[in-house]
Amino acid sequence: GEMQQVTSDPTADWSPSWSPDGSELAFYAFRSGTRHLWVMPAAGGPARQLTDGDAADYYPRWSPDGREIAFHSLRSGNMDLWVIPADGGEARQITDDPGGDFSPQWSPDGKSLVFTSGRTGSDSPSLWTVAASGGPAEKLTDGPAWYSVWSPDGAHVYFVGFGDKAGSLWGVPSGGGAARQMTKLEGKPGGLGNAALATDGEHLYFAWEEDLGDI
66 GEMQQVTSDP
76 TADWSPSWSP
86 DGSELAFYAF
96 RSGTRHLWVM
106 PAAGGPARQL
116 TDGDAADYYP
126 RWSPDGREIA
136 FHSLRSGNMD
146 LWVIPADGGE
156 ARQITDDPGG
166 DFSPQWSPDG
176 KSLVFTSGRT
186 GSDSPSLWTV
196 AASGGPAEKL
206 TDGPAWYSVW
216 SPDGAHVYFV
226 GFGDKAGSLW
236 GVPSGGGAAR
246 QMTKLEGKPG
256 GLGNAALATD
266 GEHLYFAWEE
276 DLGDI
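Read in order, the letters of the sequence shown correspond to residues 66 to 280 in the working numbering.
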């Protein structure tokens, strides 16, 4: 079908996230001179600025009940996870680790967040989980992992491979366990998009990038 353009600001808009009721989109943008979170009607219209300050905020993701938005930010001086009320207000810090935490995803029940982190000290990030209220984080994948999503029933987490898992999609039980390769895409021209993955419980939807250039 026809695509509908919903933003037209001269600056770039990134990483949209649907509200659970489908009425709004959260995204981050450079509109105020620093990367901050914004919220707008999904059908288009004026956007309201949700976060402010000198530090950059990225990658908003709506909680299942629609009350809060998780994001990663440099506002602590390090890349950590934060949560802010969807209507605006004071953000609370969820993680605090020098390794850097990013790309939070809410569990379907809203109790946990899965995120990507380099906190092991290696060059390859892995997936971790933490309570949405904060607390100690637990490692979910032993090997490298990138962008992730939960299955609708909360039983599995699917992710884009990284490092020795690059080029394929993988799944891991949300309670921990061995990762399972979901795709075999080796040898095809192009590659997986780093931050585009979704599932309805029956299928995985992903981006495939084919970059071609001529002189």
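Don't be surprised by glycine CBs; every beta carbon is placed ideally from N, CA and C.
The model shown is predicted, which means the values in this text are computed figures rather than measured ones.
- Shown here for P163: same chain residues with a beta carbon closer than 7 Å to its own, the five before and five after excluded, namely N143 in chain order.
- Contact between P111 and E89 does not hold, since their C-beta atoms are separated by about 12 Å, which reaches or exceeds 8 Å.
- The segment 93-142 is shown to contain no whole alpha helix (DSSP H) run of 4 or more residues.
- Each residue's CA atom was taken as its position, placing H221 and D145 some 24 Å apart.
- Going by DSSP, T248 is part of no beta strand (DSSP E) at all; its letter is neither H nor E.
- Taking G208 as the centre and dropping the five residues before and after it, the same chain places the C-beta of S189, S191, G228, D229, K230, A244 closer than 8 Å to its C-beta, in chain order.
- For secondary structure counted as the beta strand (DSSP E) over 3 or more consecutive residues, the segment 163-211 holds these complete runs in sequence order: 166-171, 177-182, 191-196.
- No Cβ-Cβ contact shorter than 8 Å links D74 with L102.
- D161 places its beta carbon 8 Å or farther from that of F180.
- In the DSSP assignment, the residues bridged to G256 are E274.
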